[in-house]
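Novice: Take this structure first; my questions come after.
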Ligand code: FAD
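Residue numbers (my numbering): 1 to 320.
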């Protein structure tokens, strides 16, 4: 018996969401009185693995096959299924990020394992295995009981946080697994520019909508984001009009994010936009229309002209 935690990596570094999964999986293993085993796929440095060791996992398994450097959901599913079977894993943890969303459901079918996608809290193991998850685009919670022998949980980014509890001196074991040939070919990769925070990993997000009038005005959004160390996002019409790239579009048809703080500037708060952001811990809305629907979902609201208010906030943040 063990808890297997998939440590999602990008460019040889374990992602923050992967380290959160490590923190969470280590606690689940403690609850179940079993071992927390991390799994990394592809080329990754010993230092990066050591970073994962700080979050309470007991050992890390590594499959170093270079063909795993490019993420492929089908290949990853096959490899993780084989490792899980080899390790007799009874709980498998993923981050509910893009890669976790692609692999966890496939693995669930492959292993006939119940899946809780988008967990927001530790399981209740006092009487079975019951996991709280958010449903209806973050409008409600459900407590899901998993009765299968193998259980899979994908954890919402920023829901559990990073809980350091180890020295980092974690044992690393190279294991050999049959890696199938990829059916897709990766021809390019787009990543955040150096110094920019990737949106899916960000705990602070500054987002702009059509209220900003045009791409030439985006400086007030990016200045505030840089001052805070935040990622930038936007509403769909903004991406559709090519004011901002489509990977920044959040909502029902864009990315779903769950940062600790979401600052919405000049965004009306349509239900389709809220579907992607209402799992944020705190929402701050800046809008000149006091009747804008977003205020109903906001923790803090500022009624006024974004072009006057946002630079003042940026200056205040810079002084902190
Ligand atoms: P608007 O609705 O035009 O709002 C602009 C806001 O800016 C207004 O509230 C205005 O008061 C405010 N404003 C104007 N000037 C200022 C100023 N100077 N200072 C401060 N505030 C100002 N939308 C998404 O975002 N994501 C999605 O994934 C998405 N998916 C969709 C899927 C479907 C099937 C459909 C039908 C729609 C979808 N939409 C989505 C579109 C959505 O319905 C809204 O049209 C969109 O979110 C509105 O974008 P917005 O708030 O930027 O623009």
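For every residue, glycine included, the Cβ atom is placed at its ideal position computed from N, Cα and C. From a predicted model like this one, the values you see are computed outputs, not experimental measurements.
Go ahead and pull the three-state DSSP assignment for residue 24.
Specialist: DSSP places residue 24 in helix when its eight states are reduced to three.
Novice: Below 7 Å, is the gap between the Cβ of residue 249 and the nearest heavy atom of the ligand FAD?
Specialist: Answer for residue 249: yes, Cβ within range of the ligand FAD.
Novice: Using a Cβ distance threshold of 8 Å, determine whether the segment 295-312 contacts the segment 264-279, with at least three qualifying pairs required.
Specialist: Taking 8 Å as the limit for Cβ pairs, the verdict is that the segment 264-279 does touch the segment 295-312.
Novice: What ranges does the beta strand (DSSP E) occupy inside the segment 155-227, keeping only unbroken runs of at least 3 residues that lie completely in it?
Specialist: Here the runs fully enclosed are 171-174, 204-208.
Novice: Residues around the ligand FAD, please: the ones whose beta-carbon is closer than 5 Å to some heavy atom of it, in chain order.
Specialist: The filter returns 209, 210, 211, 235, 236, 237, 251, 252, 253, 254, 266, 267, 268, 270, 272, 273, 287, 288, 289, 292, 305, 306, in chain order.
Novice: Entirely within the segment 83-169 and at least 3 residues each: give me those beta strand (DSSP E) ranges in chain order.
Specialist: DSSP runs (the beta strand (DSSP E)) wholly in the segment 83-169: 89-95, 114-119, 130-135, 140-145, 151-155.
Novice: Under DSSP, the beta strand (DSSP E) around residue 231 begins and ends at which residues?
Specialist: 231-234 is the span of the beta strand (DSSP E), which, as asked, contains residue 231.
Novice: Tell me whether the beta-carbon of residue 216 lies closer than 8 Å to the beta-carbon of residue 233.
Specialist: Against a cut-off of 8 Å, the Cβ pair of residue 233 and residue 216 comes out as no contact.
Novice: Taking residue 4 as part of the beta strand (DSSP E), name the residues at either end of that continuous run.
Specialist: Here the beta strand (DSSP E) through residue 4 covers 2-6.
Novice: Should residue 56 and residue 23 be called a contact, given that it needs their Cβ atoms to be closer than 8 Å?
Specialist: Closer than 8 Å, so yes.
Novice: Under the rule that 16 or more other beta-carbon atoms within 10 Å means buried, what is residue 358, buried or exposed?
Specialist: Residue 358 is absent from the model: the chain starts at 1 and stops at 320.
Novice: Once the 5 residues before and after residue 8 are set aside, which same chain residues still bring their CB inside 8 Å of it?
Specialist: Taken in chain order, the residues that qualify are 14, 15, 17, 18, 21, 94, 95, 97, 99, 100.
Novice: Note down the Cα distance separating residue 271 from residue 252, rounded to an integer number of angstroms.
Specialist: Distance between the alpha carbons of residue 271 and residue 252 is about 8 Å.
Novice: Run through the DSSP bridge pairs and tell me what residue 62 is partnered with.
Specialist: Paired residues: 40, 174.
Novice: Which residue comes first and which comes last in the alpha helix (DSSP H) that contains residue 274?
Specialist: Where residue 274 is concerned, the enclosing alpha helix (DSSP H) stretches over 271-277.
Novice: How is the alpha helix (DSSP H) around residue 313 delimited, first residue to last?
Specialist: Note, residue 313: alpha helix (DSSP H), 306-319.
Novice: From the DSSP secondary-structure annotation, give me the bridge partner or partners of residue 260.
Specialist: Answer is none; residue 260 lacks a bridge partner.
Novice: Only counting the same chain, and skipping five residues up and downstream in sequence, which positions put a Cβ closer than 7 Å to that of residue 71?
Specialist: 99.
Novice: Roughly how many angstroms separate the alpha carbons of residue 259 and residue 157, rounded to a whole number?
Specialist: Approximately 8 Å between the Cα atoms of the pair.
Novice: Can you name the start and end residues of the alpha helix (DSSP H) that residue 301 belongs to?
Specialist: Looking at the DSSP string, residue 301 is not in any alpha helix (DSSP H); the run it does join, the beta strand (DSSP E), is 300-303.
Novice: Locate the beta strand (DSSP E) running through residue 57, then write down its first and last residues.
Specialist: Run containing residue 57: none; DSSP gives neither H nor E here.
Novice: For residue 35, which of helix, strand or coil comes out of DSSP?
Specialist: Of the three classes helix, strand and coil, the one that applies to residue 35 here is strand, per DSSP.
Novice: Out of 148, 153, 130, 120, state which residue places its alpha-carbon closest to the alpha-carbon of residue 140.
Specialist: Looking at the Cα atoms, 120 is the closest of the given residues.
Novice: Does DSSP put residue 80 in a helix, a strand or coil?
Specialist: Of the three classes helix, strand and coil, the one that applies to residue 80 here is helix, per DSSP.
Novice: Considering only their Cβ atoms, is the gap separating residue 40 from residue 91 smaller than 8 Å?
Specialist: Cβ atoms of residue 91 and residue 40: not closer than 8 Å.
Novice: Taking C-alpha atoms, which residue in 245, 225, 255, 254 lies nearest to residue 265?
Specialist: Among 245, 225, 255, 254, the Cα nearest to that of residue 265 is on 225.
Novice: Thinking residue 60 and residue 170 are a contact (beta carbons under 8 Å), I'd like their distance in whole angstroms, please.
Specialist: Right, the Cβ-Cβ distance comes to about 6 Å (below 8 Å), so this counts as a contact.
Novice: Assess, as a yes-or-no matter, whether the segment 168-183 is touched by the segment 201-220 under the definition of 3 or more beta carbon pairs within less than 8 Å.
Specialist: The segment 201-220 vs the segment 168-183: no contact.
Novice: Using the rule of at least 16 other Cβ atoms within 10 Å of the residue's Cβ for burial, across every protein chain shown, is residue 201 buried or exposed?
Specialist: Buried, by the Cβ-count rule.
Novice: Tell me the rounded alpha-carbon separation between residue 50 and residue 58.
Specialist: Distance between the alpha carbons of residue 50 and residue 58 is about 11 Å.
Novice: Classify residue 27: buried if its beta carbon has 16 or more other beta carbons within 10 angstroms, exposed otherwise.
Specialist: With 16 or more Cβ atoms within 10 Å of its Cβ, residue 27 is classed as buried.
Novice: Could you give the distance in angstroms between the alpha-carbon of residue 196 and the alpha-carbon of residue 144?
Specialist: Distance between the alpha carbons of residue 196 and residue 144 is about 37 Å.
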